[in-house]
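For what it's worth, the working numbering labels the leading residue of the sequence shown as 495, then goes sequentially. Down below is the structure, laid out as structure tokens.
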Amino acid sequence: MPKYIDIHAHTNFKVFDENREEIILRALENDTWIINIGTQYDTSKKAVEMTNQYEGVYSTIGLHPIHTTASHHDESELGADGKEFTSRGEIFDKEKYRELTKLGKVVGIGECGLDYYHLEEENIEKQRVAFISQIELANELDIPLMLHVRNNPNDKSRNAYFDVYELVKKYSTRGDTKGVSHFFAGSVEDMKRFVEIGIYISFAGPITYKPKPEICDYEAVIRETPLDMILSDTDSPYVAPVPHRGSQNEPTYVKHIVSKIAQIKGLDEVDVAKQIFINASKLFNI
Ligand SMILES: [Zn+2]
Numbered sequence: 495m496p497k498y499i500d501i502h503a504h505t506n507f508k509v510f511d512e513n514r515e516e517i518i519l520r521a522l523e524n525d526t527w528i529i530n531i532g533t534q535y536d537t538s539k540k541a542v543e544m545t546n547q548y549e550g551v552y553s554t555i556g557l558h559p560i561h562t563t564a565s566h567h568d569e570s571e572l573g574a575d576g577k578e579f580t581s582r583g584e585i586f587d588k589e590k591y592r593e594l595t596k597l598g599k600v601v602g603i604g605e606c607g608l609d610y611y612h613l614e615e616e617n618i619e620k621q622r623v624a625f626i627s628q629i630e631l632a633n634e635l636d637i638p639l640m641l642h643v644r645n646n647p648n649d650k651s652r653n654a655y656f657d658v659y660e661l662v663k664k665y666s667t668r669g670d671t672k673g674v675s676h677f678f679a680g681s682v683e684d685m686k687r688f689v690e691i692g693i694y695i696s697f698a699g700p701i702t703y704k705p706k707p708e709i710c711d712y713e714a715v716i717r718e719t720p721l722d723m724i725l726s727d728t729d730s731p732y733v734a735p736v737p738h739r740g741s742q743n744e745p746t747y748v749k750h751i752v753s754k755i756a757q758i759k760g761l762d763e764v765d766v767a768k769q770i771f772i773n774a775s776k777l778f779n780i
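Right, dumping it as structure tokens:
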């Protein structure tokens with residue numbers, strides 16, 4: 495059993511073309527397993543293919559809510575020549591994604607969910623349609639959901655966490671391992687609702703930053719989240735934890751997140767790391 499697990503990284507992204515091998519080997523040498531996350535068809539395919547190259551590297555496949563519309567382009571994800579993927583919004587094609595599961599170790603569906611950060615009204619419906627379709631695929635394949643949930647800090651009129659909760663509750667047929675909300679940044683109440691229906695809570699780099707409780711009171715959320723429902727993720731290449739803040743993030747840094755969770759909970763770091771791996775192995779069946 496490895497010491498750590500980063501349940502949400504994107505070492506499948508273009509930005510890692512230069513140092514992918516080095517970064518993955520460093521993680522594995524540091525006893526850290528990785529789940530690489532697909533965000534649209536091409537990054538999903540890449541994530542699955544990578545699982546055949548290494549022991550301890552897994553994948554999820556799915557369509558990120560921001561890729562259901564044409565507006566978003568991230569160079570680190572797709573490369574400067576990635577325009578052909580982003581000139582149109584992708585429509586989630588269940589059959590095409592189902593085929594991908596034959597190519598390697600696929601342990602979840604997503605990242606999928608709702609993103610209200612860059613929200614334009616007509617996009618909500620597209621996000622919901624793609625999300626429901628992915629919940630159905632997760633049901634069919636009997637694997638959990640990798641959830642992306644993001645609010646707009648300037649518009650409190652909607653709560654993406656509540657809307658995701660309602661959709662998962664309505665459509666997911668899995669029991670107490672429905673999925674995980676990665677990079678959790680909701681309230682204690684949002685966390686409790688998720689835990690109640692079998693959604694795990696994963697914390698990322700921002701928990702190591704200077705607290706901004708007006709945005710998210712991580713300390714309160716971490717204190718209240720049951721240890722057997724907690725996971726850890728880096729979201730590499732984004733949001734590196736302290737002491738690497740500002741540099742390219744990588745799965746090896748997940749240990750700083752685990753250490754912060756242990757500190758906030760007043761528990762031994764080794765025990766917390768062990769429990770997180772047990773949780774991940776239960777949820778993802780690895
Ligand atoms: Zn992500």
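Note that beta-carbon positions come from the ideal geometry of N, C-alpha and C, so glycine has one too.
Counting only runs of 3+ residues, the beta strand (DSSP E) found wholly inside the stretch 672 to 697 occupies 673 to 675, 693 to 697, in chain order.
Taking the Cα of Ser726 as reference, the smallest distance to any Cα among Ile755, Glu708, Lys706, Pro705 is reached at Ile755. One Cα belongs to Ala624, the other to Asp711, and the distance between them is close to 30 Å. Here Leu557 carries a coil assignment [DSSP, helix/strand/coil]. Partner residues in the beta bridge of Lys706, as assigned by DSSP, are Cys710.
Selection Asp587, Lys768, Gly760, Phe656 evaluated against Glu683 yields Phe656 as nearest (Cα-Cα). Ligand 1 approaches Ile531 closely enough that one of its heavy atoms is under 8 Å from the residue's Cβ. Secondary structure at Val643: strand, using DSSP grouped into helix, strand and coil. Relative to ligand 1, Asp609 has its C-beta separated by 8 Å or more from all heavy atoms. If the five residues before and after Ile499 are omitted, its C-beta is found closer than 6 Å to the C-beta atoms of Trp527, Phe771, Ala774, all from its own chain and listed in chain order. Here DSSP, grouped into helix, strand and coil, assigns Glu605 to strand. Residue environment: Asp609 is assigned as buried (16 or more neighbouring CB atoms within 10 Å of its CB, all protein chains considered). Of all alpha-carbon atoms in Val764, Gly692, Glu614, the one lying nearest the alpha-carbon of Leu641 is that of Gly692. About 12 Å separates the beta carbons of Glu584 and Gln628, which is beyond the 8 Å limit, so they are not a contact pair. Looking only at Asn645, Asp536, Ile618, Thr563, the smallest Cα-Cα distance to Glu593 is reached by Asp536. At least one heavy atom of ligand 1 lies closer than 8 Å to the C-beta of His642. Glu569 and Ser538 have their alpha carbons spaced roughly 16 Å apart. Taken from the Cβ of Glu584, every heavy atom of ligand 1 lies 8 Å or farther away. Residue environment for Ile695: buried (at least 16 other C-beta atoms within 10 angstroms of its C-beta).
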